[in-house]
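Read the structure below first, then the notes.
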Amino acid sequence: MATVLGAVANDDYAVGAAVVSNEEANRVHDKSSNKLGVKPLDDEDNHPTPDHLKKPLDPYENSAAEADGDDVPEAQNYDAFIMSVSMIVVSEIGDKTFLIAALMAMRNSRVIVFTAAFSSLVVMTVLSGIVGHALPTLISQRVTQFLAAVLFVVFGAKLLREGLSMSKDLGVEEELAEVEEEIASSKINAQLNDMEGGASSSNNNTKQSWIGDIGSQLQNLASFIFTPVWIQVFVMTFLGEWGDRSQIATIAMAAGSEYWYVIFGAIVGHGLCTAAACLGGKLLAKKISMRNVTLGGAIAFFVFSILYFYDAYYHVEI
Numbered sequence: 004m005a006t007v008l009g010a011v012a013n014d015d016y017a018v019g020a021a022v023v024s025n026e027e028a029n030r031v032h033d034k035s036s037n038k039l040g041v042k043p044l045d046d047e048d049n050h051p052t053p054d055h056l057k058k059p060l061d062p063y064e065n066s067a068a069e070a071d072g073d074d075v076p077e078a079q080n081y082d083a084f085i086m087s088v089s090m091i092v093v094s095e096i097g098d099k100t101f102l103i104a105a106l107m108a109m110r111n112s113r114v115i116v117f118t119a120a121f122s123s124l125v126v127m128t129v130l131s132g133i134v135g136h137a138l139p140t141l142i143s144q145r146v147t148q149f150l151a152a153v154l155f156v157v158f159g160a161k162l163l164r165e166g167l168s169m170s171k172d173l174g175v176e177e178e179l180a181e182v183e184e185e186i187a188s189s190k191i192n193a194q195l196n197d198m199e200g201g202a203s204s205s206n207n208n209t210k211q212s213w214i215g216d217i218g219s220q221l222q223n224l225a226s227f228i229f230t231p232v233w234i235q236v237f238v239m240t241f242l243g244e245w246g247d248r249s250q251i252a253t254i255a256m257a258a259g260s261e262y263w264y265v266i267f268g269a270i271v272g273h274g275l276c277t278a279a280a281c282l283g284g285k286l287l288a289k290k291i292s293m294r295n296v297t298l299g300g301a302i303a304f305f306v307f308s309i310l311y312f313y314d315a316y317y318h319v320e321i
């Protein structure tokens, strides 16, 4: 029995010595590897993970990481800019504000008419863009995009119905007559106001002091910069654009995160249309077919609705 126990003890000692010698050999190997600049092997290298147990790559990981940031892809900004410009062009050609600028430019300085009409449209566009950008704070951006898409469908259907009911040779004669009547009435009102202002100023001339002289000089400076024609065009354009289809469409488009690109695109579109109206708007309005313009606008709004439905359906809340 003692012989057997001794043999077992000798075997255990031999195994322990072998383990110690293996560990010592590994330490020596690691030290020599470190001296040579060789990376020692770890358990993962000695026992690599099988392919079927490895974590698959998530194709949406990068997109989710990008969604966490505040930067909007440049392609999306470019699309918003192009859509905004095209929307304004198809909406404003032959529109009431277009004809106002065209008729006033024929009777007054084109520079004055252009700066007045364009300034009015810029103010209106910036206000519309800010209102549209504020909508997602009241309701979610996804719901806002759905509502914008529905609104574009309504606009497209309305324009399609109007275009199909028009004759091919229909021009803008009725719209021109209406705008000319508004211009004539506004001039009559301006003359009446000038007469009233002249009578009241004549009664107060004796009471003017040096403060009144300064005020009159400032008034003359303002009247030199902002002539009555400039003010008339600005007010008529602003009132004509208020509640117009292009304004509502700008509000709907600006509901996205790229609203500054929408505003900039709308301003560029208004600038192009206003410049065309001042250079030869009446002639252009008589040459174009309102049926083709209306049907083209309907197609454009239907395309916008499809794009907004797509964005709303695949929208990821940030």
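Numbering (the working numbering), first residue to last: 4 to 321.
Just so it is clear, CB atoms sit at the ideal spot from N, CA and C, and this is done for glycine as well.
Practice task
Classify residue 246 as buried or exposed, calling it buried when 16 or more other Cβ atoms lie within 10 Å of its own Cβ.
Solution key: exposed
Problem - 4-residue-minimum alpha helix (DSSP H) runs that sit fully inside the region 235-319, ordered along the chain - result: 248-256, 262-290, 293-316
Handout entry: Environment of residue 257 [buried if 16+ CB atoms lie within 10 Å]
Key = buried
Problem - Distance, residue 187 Cα to residue 91 Cα - result: 27 Å
Practice task
Assign residue 182 to one of two classes, buried (16 or more other C-beta atoms within 10 Å of its C-beta) or exposed (fewer than that).
Solution key: buried
Handout entry: the region 306-317 in contact with the region 144-160 per 3-pair CB rule at 8 Å
Key = yes
Exercise for the section: Classify residue 230 as helix, strand or coil using the three-state DSSP reduction. Expected result: coil
Practice task
Tell me whether residue 137 is buried or exposed, calling it buried when 16 or more other Cβ atoms sit within 10 Å of its Cβ.
Solution key: exposed
Handout entry: Burial state of residue 308 (16 or more Cβ within 10 Å)
Key = buried
Problem - Nearest neighbour of residue 233, chosen from 255, 102, 121 [CA to CA] - result: 121
Handout entry: Same chain, Cβ closer than 8 Å to residue 294, five either side skipped, listed in chain order
Key = 166, 169, 170, 171, 173
Exercise for the section: Less than 8 Å between the CB atoms is what I'm expecting for residue 273 and residue 128, so what's the real figure, rounded? Expected result: 6 Å
Exercise for the section: Find out if the Cβ-Cβ distance for the pair residue 104, residue 230 is shorter than 8 Å. Expected result: no
Practice task
Could you tell me how far apart the beta carbons of residue 297 and residue 162 are, in whole angstroms, since I believe they sit closer than 8 Å?
Solution key: 5 Å
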